[in-house]
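**Q** If you're matching positions, the sequence shown starts at 31 in the numbering used here and goes up one per residue.
Backbone N, C-alpha and C fix where the C-beta goes; we use that ideal spot for every residue, glycine too.
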Amino acid sequence: MRYAAAMLFIVLVSAGFMIMGTGASERVPAEPAPAESVIVVDAGETLWEIAAAAKAKGMDTRRAVYEIRKRNGLDGSVIQTGQQLVIPDWSSR
31 MRYAAAMLFI VLVSAGFMIM GTGASERVPA EPAPAESVIV VDAGETLWEI AAAAKAKGMD
91 TRRAVYEIRK RNGLDGSVIQ TGQQLVIPDW SSR
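(1) Taking C-alpha atoms, which residue in V58, V71, G88 lies nearest to I80?
(2) Please state if the CB of P62 and the CB of V108 are separated by a distance shorter than 8 Å.
(3) Looking only at its own chain, which residues have a Cβ that is under 6 Å from the Cβ of E75, when we skip the five neighbours before and after it?
(4) Assign S107 to one of three DSSP states: helix, strand, or coil.
(5) Anyone know if the C-beta pair for E97 and P118 falls short of 8 Å?
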């Protein structure tokens, strides 16, 4: 009985991880507009660091993270080394 319960637990946990995924989106963002830029994520870089460096002066970093996630179709804040991110044009914000 314990063996069956343990196996059921393992199956349920595994299924949960498969459903959750990594948070990285497989969607491809639209081509960047002329005023937007594209960056390539370096090893160890976080979305927060990228947003803090790319945001407009005086802009809240949380807002910049949200805008970058939205522009690139990201479900979460997980990014991968080598991934290309479109940085929005902050001039209209």
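**A** With the given structure in hand:
(1) V71
(2) no
(3) none
(4) coil
(5) yes
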